[in-house]
Amino acid sequence: ILGLLAALGSNIFFGSFGVPIKSPAVVAAKVDPVVFQLYKSTACFTTCWLALLYVDFKITIWGFVGAAIWVVNGTLAILAIQKAGLGVAQSTWSGLSIFVSFFWGAVVFGEPVRSMTSCLFALVLMAAGMLGLALAASGKFKETAHLKGEEEEEALLLAEDGKDNDKYSRCNNQNFKVGMAAAVYVGIANGSFMTPLKYANQEVTGLEYLISFGIGSMLMTIIMAVCYFAFRHMIGRPIPSLHLDVAAKPALLTGLMWSCGNVCSIFATEYLGIAVGWPLVQCNLLVSNFWGIFYYEEISGKRSIVAFMGSALVLLSGVVVLSVFGK
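Counting with the working numbering, you get residues -17 to 309 for the letters of the sequence shown.
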C-alpha cells in the first residue's frame, strides 16, 4: 500500500513539475535551459537537508552519480518541453523510461517477475501507445492537413514578434525534432535514474541517499553551467541572462515539485522494486497530458486530442499489466 501511495504522489508531482516551464513570462523571456536548471538544482539542494530531520548525515558516491544523471537529464527535459511541448515530451520520455527501467530491474538486477509473457505483452502495449502519441503529436489525425490562411498569417506575425505559442510551434519542424531528440535521451537516461539508488541501498537508506544527491546536484550543475558559459564565450556568443525577476520563482517551484516527486519515487522503488515501481511512476504522463492539452492547448482538433488521450490510455494499460505481473 505504501509503495502504491508513493507512486501516486510521484505521479502528481512529476506530472506537474513542467508546468512552470511553460508559463507565458518564462516562454517570452526565452530562459536558457541551463539557467533554469540552476534554479531547479538550488531547490533540490535546499530541500535535501530536510532529510536530516529523520535520518543521520551520511555520504554515498552513488548519490553523486545519480545527481550527474539528473542534472544533464533535467536540462535536456527543459529543452524538450520548450521545443516539443509538455504533453508530447513527457509522454515520450515516460514511455521509454518504462522499457529501460524494466530491463535494469528484471535483467540486470534479476528482480523476479510473475509472468515474462505478460510483461512482454505489456511492453507491446506501451510501444503501441507511444506510436499513437507520436502520430497524434505530429498532426496525423487532424481534420485538415494544413493551417488555415488566417492562422498561418498569425503564426508568421507571432514569429516576427519573437513570441512563442504552442499552437503554432509545430510550424517549426526543426525545433520539434530537437525537442523529440532531447526527450528520447531523457527517456533512456531517466530509465536508469534509480540504478544508483539500487547500489546505494547497500550502504544507505532512501532518505540518506537524498542528502548526497542534493549536494551532488548543486555541484554538477555549477560545473555544467561554468563549462557551458565558458564555451559560449569562446565562440563569441553572449552568456545567458539569469532572468531573476522572471525565471527564479517558476524555476524554484519546478525544482520543489520535482524534489517532492523524487522523494515519493524513491519510496515507490524501494517498496516495489525498479521493474515495477518505476514504471508505475511513469503514469505521471497522464497528468502532464491533461496540462499540455487542456491548459496549454499544445494539440488542437478533436480527432488529435482523442487519438492522443486514447494512445495514453493504451500506454497506461501496458503499465498496469506490467505492474500486476511484474512482481
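Just so you know, even glycine gets a beta-carbon here, dropped at the ideal spot from N, CA and C.
Values in this document were obtained by computation on a predicted structure and should not be read as measured data.
| Query | Result |
| --- | --- |
| N183 in three-state terms, based on DSSP | coil |
| Close Cβ partners of T187 (< 7 Å) along its chain, the five nearest in sequence each way excluded | V37 |
| Beta carbon of A49 nearer than 7 Å to that of F195 | yes |
| Burial state of S223 (16 or more Cβ within 10 Å) | exposed |
| Cα-Cα separation between E190 and F39, rounded to whole angstroms | 7 Å |
| Alpha helix (DSSP H) runs wholly inside the region 7 to 91, at least 4 long, in chain order | 15 to 30, 43 to 66 and 68 to 84 |
| Pairwise C-alpha distance: G283 and C30 | 43 Å |
| L257 versus F84 - alpha carbon distance | Per the sequence shown, the amino acid found at residue 257 is Ala instead of Leu. Going from the Cα of A257 to the Cα of F84 covers about 4 Å. |
| Residue range of the alpha helix (DSSP H) that includes G255 | Note, G255: premise wrong, no alpha helix (DSSP H); not H, not E. |
| Under the three-state DSSP convention, the category L238 falls into | helix |
| Contact the region 99 to 119 vs the region 195 to 208: 3+ CB pairs below 8 Å | no |
| F307 (DSSP reduced to helix, strand or coil) | helix |
| Own chain partners of P15 with C-beta closer than 6 Å, once the 5 adjacent residues on each side are dropped | T57, I60 and L61 |
| Cut-off 7 Å between Cβ atoms - residues of its own chain near S305, not counting five sequence neighbours on either side | V258, P261 and L262 |
| Own chain, CB closer than 6 Å to Y167, minus 5 neighbours either side, in chain order | L58 |
| Sufficient close CB pairs (3 or more, under 8 Å) joining the region 280 to 298 to the region 88 to 103 | no |
| Euclidean distance between Cα positions of R214 and M206 | 12 Å |
| Counted within 10 angstroms of its Cβ, other Cβ atoms place G312 as buried (16 or more) or exposed | This structure gives no information on residue 312, because the portion of the chain shown stretches from -17 to 309. |
| Inter-residue Cα distance where the pair is I51 and L179 | 12 Å |
| Close Cβ partners of A165 (< 7 Å) along its chain, the five nearest in sequence each way excluded | A62, A66, A71, T74 and W75 |
| Nearest candidate by alpha-carbon position, reference I80, set K12, G169 and V160 | G169 |
| Secondary structure of V95, DSSP reduced to three states | coil |
| Distance between beta carbons of L238 and A33, contact taken as under 8 Å | Not confirmed; about 15 Å, so no contact. |
| Anticipated Cβ contact below 8 Å, G(-3) with L268, distance rounded | 7 Å |
| Local conformation of G173 per DSSP, three classes | helix |
| Residues near F(-5) in its chain [Cβ-Cβ closer than 6 Å; skip 5 each side] | M239, C242 and G243 |
| Three-way DSSP call (helix, strand, coil) for H225 in this model | coil |
| Closest Cα partner of V89 within the set S174, K12 and L226 | S174 |
| N-terminal and C-terminal residue of the alpha helix (DSSP H) that F211 is part of | G188 to M216 |
| Local conformation of Y278 per DSSP, three classes | coil |
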